[in-house]
């Protein structure tokens with residue numbers, strides 16, 4: 001479970017994704033592209049390769065929270 005939580009934090013899944021807008025606001029486009037895409041490929045691969053040890057309810061809860069919090073948080077955005 002600790003490995004799963006660490007990988008979800010690296011991927012900025014809920015509830016660990018509150019730091020991501022702050023980081024991406026002050027960076028260049030290429031750095032933001034790297035942080036938001038390429039940097040998440042390795043943790044996602046590790047998470048998928050360890051699927052027999054993953055707590056499925058934890059992943060589903062995190063995915064649901066990411067969708068809800070991300071959607072609601074995006075409603076009030078004024079900067080792209």
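Residue numbers (my numbering): 1 to 80. Where a beta carbon is used, it is the ideal one built from N, C-alpha and C, also for glycine. Predicted model only: the values in this text are computed from it and were never measured.
Terminal residues of the alpha helix (DSSP H) in which residue i lies
i, result
"residue 48", "41 to 49"
"residue 15", "Premise fails: residue 15 is in no alpha helix (DSSP H) and is neither H nor E."
"residue 65", "56 to 74"
"residue 10", "2 to 10"
"residue 34", "29 to 36"
"residue 25", "20 to 25"
Distance between beta carbons of residue j and residue i, contact taken as under 8 Å
i, j, result
"residue 7", "residue 47", "5 Å"
"residue 4", "residue 60", "That belief does not hold up - the Cβ atoms of residue 4 and residue 60 are roughly 12 Å apart, past 8 Å."
From the options, residue whose alpha carbon lies closest to that of residue i
i, options, result
"residue 109", "76, 3, 36", "This structure does not reach residue 109, given that the chain is present from 1 up to 80, and the question cannot be answered."
"residue 76", "2, 21, 15, 5", "21"
"residue 72", "9, 14, 54, 49", "14"
Cβ-based burial, residue i [other Cβ within 10 Å; buried from 16]
i, result
"residue 12", "buried"
"residue 62", "buried"
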